[in-house]
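Whatever position you read off the sequence shown (first residue = 1), add 30 for the numbering used here.
Using N, Cα and C, we set each Cβ at its ideal position, and we do this for glycine too.
What follows is a set of notes on a single structure, which appears directly below.
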Amino acid sequence: MFDPTQLRTFLTAAQTLSFTQAAHRLGLRQSTVSQHVRKLEEAAGRRLFVRDTHAVELTEDGEAMLGFAGTILEANERAAGFFAGTRLRGRLRFGASEDFVLTRMPEVLEGFRREHPEVDLELTVELSGTLHQLLAAGRLDLVLAKRRPEEARGRLVWRDRLVWVGTERLRLDPERPVPLVVYPTPAVTRARALEALERAGREWRIACTSGSLNGLIAATRAGLGVMAHTLGMIPPGLVRIPPRAGLPELGGVEFVLLHGPRDTAARGPAEALAEAILAGGARLHMP
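Here it is as structure tokens:
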């Protein structure tokens with residue numbers, strides 16, 4: 031038997047790759063987070079994390095535990111909701127960034143709809159920058175998107191890295207401008223890519239612009255250029271560009287949940303969907 035409290039702590043640490051951030055999100059001491067993880071490792075008989083003074087990484091067994099933890103916690107939430115007899119109602123306007131088009135987000139939303147059939151869920155899929163604008167304008171109640179560099183608010187779902195991706199066949203000429211496949215403004219990844227190239231003194235040119243992730247993937251698969259993408263969600267058919275290509279590092283990226291005003295009728299549904307996303311966070315990566 032795995033303790034749901036320990037599983038929730040493990041899942042949060044795995045999503046944030048930081049025991050400190052996990053403690054902050056859960057309202058616990060860092061020592062308590064370490065204790066929960068240690069007890070879960072003892073119950074599993076396997077090591078789930080590799081830790082040093084600078085980083086926290088999942089082991090192969092830790093990656094396997096991600097799926098089990100999400101499934102157990104989701105089942106626990108469904109059972110608790112069923113026997114509590116709570117019925118959420120109303121309209122919920124939810125915005126998700128383009129990054130989740132090819133992930134298992136539909137499974138998370140399907141589970142939410144099954145548990146809360148009287149909530150009218152309206153989904154908007156847009157660029158992270160656009161979602162921030164819509165939320166600020168009061169046109170969305172809950173957003174799952176990349177955190178903008180200048181932003182400190184938001185409920186951290188997980189951390190990842192931005193990397194350059196392309197086809198295995200693509201060869202970059204160091205003497206020619208880097209061909210880029212990018213979202214239009216105000217995309218976070220576009221801004222990060224251009225800033226990194228400018229700092230590195232690398233010339234670049236826009237080979238393709240599309241507001242659709244599928245459009246960007248098609249262009250990149252066709253060999254038109256390279257694109258900046260989240261490491262944990264690299265689409266099939268594309269690979270990470272190796273360091274020997276000489277492209278600059280793009281740094282980390284954070285995905286956060288942002289709420290609209292809390293004093294609206296959508297507060298209850300928004301909180302319920304946020305919890306479902308946090309519990310099923312591991313399923314939002316590529317299969």
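Check whether the Cβ atoms of residue i and residue j sit closer than 8 Å, and answer yes or no.
i, j, result
"G267", "G100", "no"
"V212", "S158", "no"
"L47", "F124", "no"
"L200", "G262", "no"
"V155", "L174", "no"
"P265", "I247", "yes"
"P209", "G276", "no"
"K176", "S127", "yes"
"R251", "T197", "yes"
Excluding the 5 residues preceding and the 5 following residue i in the sequence, name in chain order all residues of the same chain whose CB lies nearer than 7 Å to its CB.
i, result
"I102", "F32, P34, L37"
"V149", "L118, R119, G120, L122, P299"
"Q60", "F49, T50, A53"
Just how far apart, CA to CA, sit residue i and residue j?
i, j, result
"L202", "V195", "12 Å"
"G290", "R206", "45 Å"
"A300", "L122", "7 Å"
"L151", "P216", "26 Å"
"G184", "T160", "16 Å"
"L70", "F98", "12 Å"
"A110", "A295", "22 Å"
"V131", "L153", "12 Å"
"R320", "V283", "Residue 320 falls outside the range modelled here, since the chain spans only 31 to 317, and no answer is possible."
"R77", "E93", "11 Å"
"R169", "A182", "21 Å"
"L164", "L288", "11 Å"
"A304", "R229", "37 Å"
"D190", "T133", "15 Å"
"L58", "Q65", "11 Å"
"F113", "R144", "15 Å"
"L56", "E72", "22 Å"
Taking residue i and residue j to be in contact with their CB atoms under 8 Å, please state how far apart those CB atoms are, rounded to whole angstroms.
i, j, result
"T39", "V67", "6 Å"
"R232", "P278", "7 Å"
"A302", "H84", "In fact, because the Cβ distance is near 36 Å, the residues do not count as touching under 8 Å."
Under 6 Å Cβ to Cβ from residue i, same chain only, skipping five residues before and after it: list those, please.
i, result
"A52", "T42, A43, T46, V63"
"L280", "L192, R222, A226, A258"
"W234", "P207, V208, L210, L227"
"A249", "V211, C238"
"S240", "L246"
Beta-carbon within less than 8 Å of residue i's beta-carbon, same chain only, minus the 5 sequence neighbours each way: which residues are those?
i, result
"E104", "G141, A306, A309, G310"
"R270", "V193, W194, V195, L261, I264"
"G245", "C238"
"A74", "F32, D91, M95"
"V86", "A43, L47, S48, F49, F79, V80"
"D82", "none"
"V256", "W194, V195, G196, L200, L202, V208, P209, L210, V211, T250, I271, L277"
"H54", "none"
CB of residue i to nearest heavy atom of the ligand GDP: below 7 Å?
i, result
"L288", "Because no ligand of any kind appears in the structure shown, any question about the ligand GDP cannot be addressed here."
(Q) Suppose only complete runs of 4+ residues qualify. What are the alpha helix (DSSP H) ranges in the stretch 78-141, listed by chain order? (A) The stretch 78-141 contains these whole alpha helix (DSSP H) runs: 90-114.
Q) Could you give the uninterrupted runs of the beta strand (DSSP E) lying entirely in the stretch 177-228, keeping only those of 3 residues or more? A) Every unbroken stretch of the beta strand (DSSP E) spanning 3 or more residues and falling wholly within the stretch 177-228 is given here in chain order: 185-196, 208-212.
Q | Contiguous beta strand (DSSP E) assignments of at least 3 residues, all confined to the stretch 233-287 | A | Within the stretch 233-287, the complete beta strand (DSSP E) runs of at least 3 residues are 234-239, 257-260.
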